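Enquirer:
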Amino acid sequence: MGATAIVTRFAPSPTGHLHLGHVHSAAFAWRHARDAGGRFLLRIEDIDPTRCRPEFTDAILEDLAWLGLDWDGPVRVQSAHLPEYRETLDALSTRRLLYPCFCTRADIAREIAASAAAPHGPDGPLYPGTCRRLSADERASRIAGGEPHALRLDMAAALATLSAPLSFEEAGEGRLRCDPARFGDAVLARKDVAASYHLCVTHDDALQGVTVVTRGVDLKPATDLHRLLQSLMGWPEPRYAHHPLLTDATGRRLAKRDRAATVRDMRAEGATAAEVLRRAGA
Ligand code: GLU
Numbered sequence: 176m177g178a179t180a181i182v183t184r185f186a187p188s189p190t191g192h193l194h195l196g197h198v199h200s201a202a203f204a205w206r207h208a209r210d211a212g213g214r215f216l217l218r219i220e221d222i223d224p225t226r227c228r229p230e231f232t233d234a235i236l237e238d239l240a241w242l243g244l245d246w247d248g249p250v251r252v253q254s255a256h257l258p259e260y261r262e263t264l265d266a267l268s269t270r271r272l273l274y275p276c277f278c279t280r281a282d283i284a285r286e287i288a289a290s291a292a293a294p295h296g297p298d299g300p301l302y303p304g305t306c307r308r309l310s311a312d313e314r315a316s317r318i319a320g321g322e323p324h325a326l327r328l329d330m331a332a333a334l335a336t337l338s339a340p341l342s343f344e345e346a347g348e349g350r351l352r353c354d355p356a357r358f359g360d361a362v363l364a365r366k367d368v369a370a371s372y373h374l375c376v377t378h379d380d381a382l383q384g385v386t387v388v389t390r391g392v393d394l395k396p397a398t399d400l401h402r403l404l405q406s407l408m409g410w411p412e413p414r415y416a417h418h419p420l421l422t423d424a425t426g427r428r429l430a431k432r433d434r435a436a437t438v439r440d441m442r443a444e445g446a447t448a449a450e451v452l453r454r455a456g457a
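Heads up: the sequence shown runs through residues 176 to 457, numbered per the numbering used here.
What follows is the structure, encoded as structure tokens:
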């Protein structure tokens, strides 16, 4: 395979059955790879045990195979690779780019309510930085005392490592400038989830040699933070192709709660794979 070989992936989170929006996204990535004679990978992003269920993983694999969206190589299941994400977190911690955050949601909400300015980023209100200001001794004693904590990126410290502004190549748009500061001190490991979506997705795209990240345009803002993580870790920069979200006849975004739009239901009603792909605009 030459240096220009295309590698794409579909990376669903198994929080429910595959719906038409997923099919649209999977077929977009599949076609991108197949049209170029490249590879199409499947990755299950099940890092959050509070939302993901193994039976949905099985159903996703089965539905994709039924649709004929065949993938190359083994399926990567993120929950089987927690030590790898831990290593990345450790590497960032050693460089003092992460800090432990002991705040509860209520603590953060209270701080935000009490402050005059409450800026919002793509993932919600920005963290006011309470735990960034803790001393090393206080951090150590609270960790030693077993207090649960998340790990946050010290955004100012991370930005200070950059020698030039970040950007990314978006299909049909050219180079777009990144503004990762919009995320503030992003959570890279939650109290109850070993590593965040942002960390795992960039880790795995690098590890798996993904050359074109394809996904819904709703995740386009996240690319700013992903480019920062790639820069911090010395990971290669992929290209990006964000596709419009599939909408129904009234222009409303199709969501998992629209039961009628799941592949399972359409199969049960006797639809063929070709019909489902057509309804997904694929
Ligand atoms: N796992 C993410 C989701 O299901 C998609 C990740 C990505 O394509 O970057 O929304």
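Ideal Cβ placement from N, Cα and C applies to all residues, glycine included.
These numbers come from a predicted model, not from an experiment.
Taking only the alpha-carbon atoms, compute the straight-line gap between H207 and R285 and give it to the nearest angstrom.
Expert: Roughly 46 Å between the two C-alpha positions.
Enquirer: Expressed to the nearest angstrom, what Euclidean distance is found between the alpha-carbon atoms of D247 and L326?
Expert: 34 Å
Enquirer: L382 to A291, Cα distance in whole Å?
Expert: 42 Å
Enquirer: So H194 and F231 are in contact, right, with Cβ under 8 Å, and what is the actual spacing, rounded?
Expert: About 11 Å separates the two Cβ atoms, so there is no contact after all.
Enquirer: Leaving out five residues on either side along the sequence, give the residues of the same chain with a beta carbon under 6 Å from the beta carbon of D238.
Expert: L193, V438
Enquirer: Can you name, in chain order, every residue of its own chain whose Cβ lies under 8 Å from the Cβ of A332, other than the five neighbours on each side?
Expert: R271, L272
Enquirer: Run through DSSP, which three-state label would Y302 get?
Expert: coil
Enquirer: Between the C-alpha atoms of G213 and V388, what's the straight-line distance to the nearest angstrom?
Expert: 13 Å
Enquirer: What three-state label does DSSP hand S342 in the structure shown?
Expert: strand
Enquirer: Taking the beta carbon of G296 as the centre, do at least 16 other beta carbons fall within 10 Å, making it buried, or is it exposed?
Expert: buried
Enquirer: Taking Cβ to Cβ, would you say L217 is nearer than 8 Å to R184?
Expert: Taking 8 Å as the cut-off, the Cβ atoms of L217 and R184 count as close.
Enquirer: In angstroms with no decimal places, state the Cα-to-Cα distance between R314 and A364.
Expert: 16 Å
Enquirer: Taking only heavy atoms of ligand 1 into account, decide whether any of them is closer than 7 Å to the Cβ of R390.
Expert: yes
Enquirer: Considering only the beta carbon of each residue, do H324 and F277 sit closer than 8 Å?
Expert: yes
Enquirer: Counting Cβ pairs closer than 8 Å, one from the stretch 405–417 and one from the stretch 439–446, do we hit at least three?
Expert: no
Enquirer: Is any non-hydrogen atom of ligand 1 found closer than 7 Å to the C-beta of A332, if you look at the structure I gave you?
Expert: no
Enquirer: Going by the C-beta, is T345 closer than 7 Å to any heavy atom of ligand 1?
Expert: Checking the sequence, you will find Glu at residue 345 rather than Thr. No, Cβ of E345 sits at least 7 Å from all heavy atoms of ligand 1.
Enquirer: Does the beta-carbon of P187, which I'm using as the reference point, lie nearer than 7 Å to any heavy atom of ligand 1?
Expert: yes
Enquirer: CA-CA distance, H256 and H378?
Expert: 11 Å
Enquirer: Any heavy atom of ligand 1 closer than 7 Å to the Cβ of E220?
Expert: yes
Enquirer: Taking its Cβ as the centre, do 16 or more other Cβ atoms sit within 10 Å of D380, making it buried, or is it exposed?
Expert: buried
Enquirer: Find out if the Cβ-Cβ distance for the pair V198, A457 is shorter than 8 Å.
Expert: yes
Enquirer: Tell me whether V368 counts as near ligand 1, meaning its Cβ is closer than 7 Å to at least one heavy atom of that ligand.
Expert: no
Enquirer: Check each candidate in A319, I219, D367 and name the one with the smallest Cα separation from D233.
Expert: The shortest C-alpha separation from D233 is found at I219.
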